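Participant: Under this note's numbering, the first residue of the sequence shown is numbered 27, with each subsequent residue one higher. A virtual CB, placed ideally from N, CA and C, is assigned to each residue, including glycine. Just so it is clear, the structure is predicted and the values come from calculations on it, not from any experiment.
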Amino acid sequence: MSYKCKILCIMGRFTLALFTLVSFLFASVLEQLEREQIKVIEKVAPAVVKIEAVRENRGAFPGPFWFWHNRPPSETSVGSGVIVKLDPKKKKAYILTNAHVVRKAKKLRVSIDAKTVKEGKVVGVDEKTDIAVVEIPTEGIPDIKKRVAKLGDSDKLKVGQIVFAIGNPFGLERTVTMGIISALKRSINITAYENFIQTDAPINPGNSGGPLVNIKGEVIGINTAIIANAQGLGFAIPINLAKWVMEQLITEGKVTRGWLGVAIQEITPDLAEAFGVKEGVVVTRVIPGSPAEKAGIKPGDIIVAVNGEKVSNFRDLQLKIIKLKPGTEATITVLRKGKKKDIKVVIGELKDSYARGVSPMDLGLFVRDLSEEEIKSYKVPHGVLVERVEYGSPAYEAGLRPGDVILEVQGEPVKSAQEFYERLKELKEQGKKRVALRVKRGEDALYVALPLE
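#1: If you compare alpha carbons, which of N221, K366, G146, I206 is closest to D181?
#2: Could you tell me which of I329, G243, A421, A318 sits nearest to R362, measuring between CA atoms?
#3: Less than 8 Å between the CB atoms is what I'm expecting for R394 and V410, so what's the real figure, rounded?
#4: Helix, strand or coil, according to DSSP, for E273 in the structure here?
#5: Tell me whether the segment 271-278 and the segment 145-158 touch, counting them as touching only if at least three CB pairs, one residue from each stretch, are closer than 8 Å.
#6: Does the distance from the C-beta atom of A227 to that of M204 stay below 9 Å?
#7: Please identify the residue among G322, G326, I229, E434 whose C-alpha is closest to the C-alpha of V309.
#8: Could you tell me how far apart the beta carbons of P439 and L389 are, in whole angstroms, since I believe they sit closer than 8 Å?
#9: Where does N249 sit, in a helix, a strand or coil, going by DSSP?
#10: On a CA-only basis, which of D430, I67, V303, E292 is nearest D470? Give me that one, please.
#11: Alpha carbon to alpha carbon, how far is K133 from H408?
#12: Quick check on the DSSP output: the alpha helix (DSSP H) that includes L450 runs from which residue to which?
#13: Going by beta carbon distance, what residues of the same chain come within less than 7 Å of P317, once the five residues before and after it are set aside?
#14: Tell me which residues share the same chain as N339 and place their Cβ nearer than 7 Å to its Cβ, disregarding the 5 neighbours each side in the sequence.
#15: Kindly indicate which residue of I223, I276, K242, T277 has the alpha-carbon position closest to the one of A262.
#16: Buried or exposed: which applies to F45, given that a residue is buried once 16 or more other Cβ atoms fall within 10 Å of its Cβ?
#17: If contacts are defined as beta-carbon pairs under 8 Å, then G166 and T201 qualify, I think. What distance do you get, rounded to the angstrom?
#18: Mind reading off the beta-carbon distance from L183 to I207? Whole number of angstroms is fine, and I expect it under 8 Å.
#19: Check this for me: beta carbons of L476 and L391, under 9 Å apart or not?
#20: If P163 and K144 are in contact, beta carbons under 8 Å, what's the gap, nearest whole angstrom?
#21: May I have the straight-line CA-CA distance separating E441 from G364, to the nearest angstrom?
#22: Can you give me the C-alpha to C-alpha distance between L343 and V332, rounded to a whole angstrom?
#23: Tell me, which residues are paired with D395 by DSSP?
#24: Under three-state DSSP, which class holds S100?
#25: In its own chain, which residues sit with a C-beta less than 6 Å from the C-beta of A443, not counting the 5 before and 5 after it?
#26: Which one or two residues does DSSP pair with A131 in a beta bridge?
#27: S137 by DSSP, collapsed to three states: which one?
#28: Can you grab the Cα-Cα spacing for the pair I241 / I188, in whole Å?
#29: I'd like to confirm the pairing. Which residues does DSSP put opposite I162 in its beta bridges?
#30: Determine the DSSP secondary structure at N124, reduced to helix, strand or coil.
#31: The alpha helix (DSSP H) that contains F222, what's its start and end?
#32: On a Cα-Cα basis, can you pick out the residue from G322, V149, A191 that is closest to V312?
#33: In chain order, which alpha helix (DSSP H) runs of at least 4 residues are fully inside the segment 309-337?
#34: Among T123, D139, K172, A73, which has the Cα closest to the Cα of D152?
#35: How would you write the range of the beta strand (DSSP E) that P477 sits in, first residue to last?
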């Protein structure tokens, strides 16, 4: 054998040995990764529960003699939840889930595992974030302390992180899917306060209320939404927001939010150039008597920070303000005529009637104030703009559509969203089941009968 052949033979053997070593190491890494993934799922899965919500089936009409031999018809929907807290003294466990999972349920069945089912009780519901808390008794639940999920920090998330979605899609218990965080701070206009985590981990009907988990086995979100007919688009409520809501529901039974009292506008590239800023929101109107007015905030001010934290857009400001405790002092940093100014504001409490762009969820109606430019554009003296109408809701069935301008309620003019919702509340308290709305749509005016129940 020639010298050249010997060299080629040695190189071939070396290459084969190297390939074998690399293959072995690669397989070893994959096996290690697989083991770690299994550990994550085994750590979190026991905390995930199936929630069956039993509701009155309004779609079915019972026969005239049902009361003699039948019960009223009912229907059951399936969702998910995750055990996040124990109260050893009260012998209760608290479950985070979605408000829409438990909404209007007459009864809740919570399946811990195949052999353990408990009756759940709704502790509190926050429709504005689609978060609900359910409690169950802990007696008879095996290893209950090991079934409490650890909560992560959603403020530290990065796009590209690996995540797992766990839930009960189509009733299939504890199904696990994997993906990555596709985007952060998403708004898809389904709740009043949105800051969604977007993921490509498959989320299907029944996953709602289940946890989105990181590779440490920490819950970083509550799965809540998918876009119909779109693959790879799932959304979860950040756990920090869900936790803030949960703590208030458990301790107070309701959620109290801070209120500033301004109407604002996003900064477009043109406005950014004109104002000489990169981030922030422009104050277009200050509500009379609001904390903002009392503190001296003025239309034209650009809010750039709250308590030293930068404000990038409308949602950012909204979430920062609502988390402030009413009665506390906050520092609002504004740009006024090109100069920074720190303004001390005593935060007020956000009442339902003040909630800009928000209506009772059972009406499915979201309105907001008209800007001065919109009043001129629509050629109306006053009114509120319909921003969103949920499909199939009472508002939708009544005929309201996005872009409509509501001018009057029962013959009385409305000039703000606050006034609109206060009027609806008053009429409902008076026993009204429907109200007449005078609406402008395009160049036409029409009347719409809106159900209040």
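Facilitator: Straight from the coordinates:
#1: One-based indexing of the sequence shown puts residue 181 at position 155. Relative to the Cα of D181, the nearest Cα in the group N221, K366, G146, I206 belongs to N221.
#2: By 1-based counting over the sequence shown, the position of residue 362 is 336. When each option's Cα is compared against that of R362, the closest is I329.
#3: For the purposes of this step, residue 394 is taken as residue 368 along the sequence shown, with counting starting at 1. For the purposes of this step, residue 410 is taken as residue 384 along the sequence shown, with counting starting at 1. The Cβ separation is near 7 Å, so the contact holds.
#4: As a working note, residue 273 is residue 247 in the sequence shown. Residue state, collapsed to three classes: helix.
#5: yes
#6: What you label residue 227 is simply residue 201 of the sequence shown in a count that begins at 1. What you label residue 204 is simply residue 178 of the sequence shown in a count that begins at 1. For A227 and M204, yes; Cβs fall inside 9 Å.
#7: Taking the sequence shown and counting its residues from 1, the one referred to as residue 309 is at position 283. The candidate whose alpha carbon is nearest that of V309 is G326.
#8: Residue 439 sits at position 413 when you count from the first residue of the sequence shown. Residue 389 sits at position 363 when you count from the first residue of the sequence shown. P439 to L389, Cβ: 20 Å. No contact.
#9: If you number the sequence shown from 1, residue 249 lands on position 223. Note: N249 maps to strand in three-state DSSP.
#10: Residue mapping note: residue 470 aligns to position 444 of the sequence shown, counting from 1. If we check each option's Cα against that of D470, D430 comes out closest.
#11: Numbered from its first residue, the sequence shown carries residue 133 at position 107. Numbered from its first residue, the sequence shown carries residue 408 at position 382. Between the alpha carbons of K133 and H408 lies a distance of about 45 Å.
#12: Reading the sequence shown from its first residue, position 424 is the one you call residue 450. That run of the alpha helix (DSSP H) goes 443-455.
#13: Looking up residue 317 in the sequence shown gives position 291. Closer than 7 Å at Cβ, skipping near neighbours: W285, L286, G287, V371, V372, I373, G374.
#14: The residue given as residue 339 occupies position 313 in the sequence shown. Contacts found: E292, V307.
#15: Taking the sequence shown and counting its residues from 1, one reaches residue 262 at position 236. Distances from the CA of A262 to each of I223, I276, K242, T277 were compared; the closest alpha carbon is that of I223.
#16: For the purposes of this step, residue 45 is identified with residue 19 of the sequence shown, where counting begins at 1. By the 10 Å Cβ count, F45 comes out exposed.
#17: The residue given as residue 166 occupies position 140 in the sequence shown. The residue given as residue 201 occupies position 175 in the sequence shown. With 8 Å as the limit, G166 and T201 do not qualify as a contact, their Cβ atoms being about 25 Å apart.
#18: Within the sequence shown, the letter at position 157 stands for residue 183. Within the sequence shown, the letter at position 181 stands for residue 207. L183 to I207, Cβ: 6 Å. Contact.
#19: The residue given as residue 476 occupies position 450 in the sequence shown. The residue given as residue 391 occupies position 365 in the sequence shown. Their beta carbons are under 9 Å apart, which means L476 touches L391 by this criterion.
#20: Reading the sequence shown from its first residue, position 137 is the one you call residue 163. Reading the sequence shown from its first residue, position 118 is the one you call residue 144. Correct: roughly 6 Å between the Cβ atoms.
#21: Taking the sequence shown and counting its residues from 1, one reaches residue 441 at position 415. Taking the sequence shown and counting its residues from 1, one reaches residue 364 at position 338. The displayed chain sequence assigns Lys, not Glu, to residue 441. Approximately 32 Å, taken between the alpha carbons.
#22: Numbered from 1 along the sequence shown, position 317 holds the residue referred to as residue 343. Numbered from 1 along the sequence shown, position 306 holds the residue referred to as residue 332. Distance between the alpha carbons of L343 and V332 is about 8 Å.
#23: As a first step, residue 395 must be located in the sequence shown, where it is residue number 369. For D395, which the question treats as bridged, DSSP gives the partners V410.
#24: To locate residue 100, count along the sequence shown from 1; it is residue 74. Three-state DSSP puts S100 in a strand.
#25: For the purposes of this step, residue 443 is taken as residue 417 along the sequence shown, with counting starting at 1. Apart from sequence neighbours up to five positions away, the residues of its chain that approach A443 with a beta-carbon distance below 6 Å are R382, V393, R394, D395, V410, ordered along the chain.
#26: On the sequence shown, residue 131 is found 105 positions in, with the first residue counted as 1. Answer is none; A131 lacks a bridge partner.
#27: Taking the first residue of the sequence shown as 1, we reach residue 137 at position 111. Residue state, collapsed to three classes: strand.
#28: In the sequence shown, counting from the first residue as 1, residue 241 sits at position 215. In the sequence shown, counting from the first residue as 1, residue 188 sits at position 162. Each residue's alpha carbon lies about 7 Å from the other.
#29: Translated into positions along the sequence shown, residue 162 becomes position 136. I162 is bridged to A119.
#30: As a working note, residue 124 is residue 98 in the sequence shown. Assignment of N124 by DSSP, reduced to helix, strand and coil, places it in the strand class.
#31: The sequence position of residue 222 within the sequence shown is 196, counting from 1. First-last for F222: 222-225, but that is the beta strand (DSSP E), not the alpha helix (DSSP H).
#32: Here the question's residue 312 lines up with position 286 in the sequence shown. When only C-alpha atoms are compared, the closest one is G322.
#33: 317-321
#34: To locate residue 152, count along the sequence shown from 1; it is residue 126. If we check each option's Cα against that of D152, T123 comes out closest.
#35: Taking the sequence shown and counting its residues from 1, the one referred to as residue 477 is at position 451. Counting along the chain, the beta strand (DSSP E) containing P477 begins and ends at 470-477.
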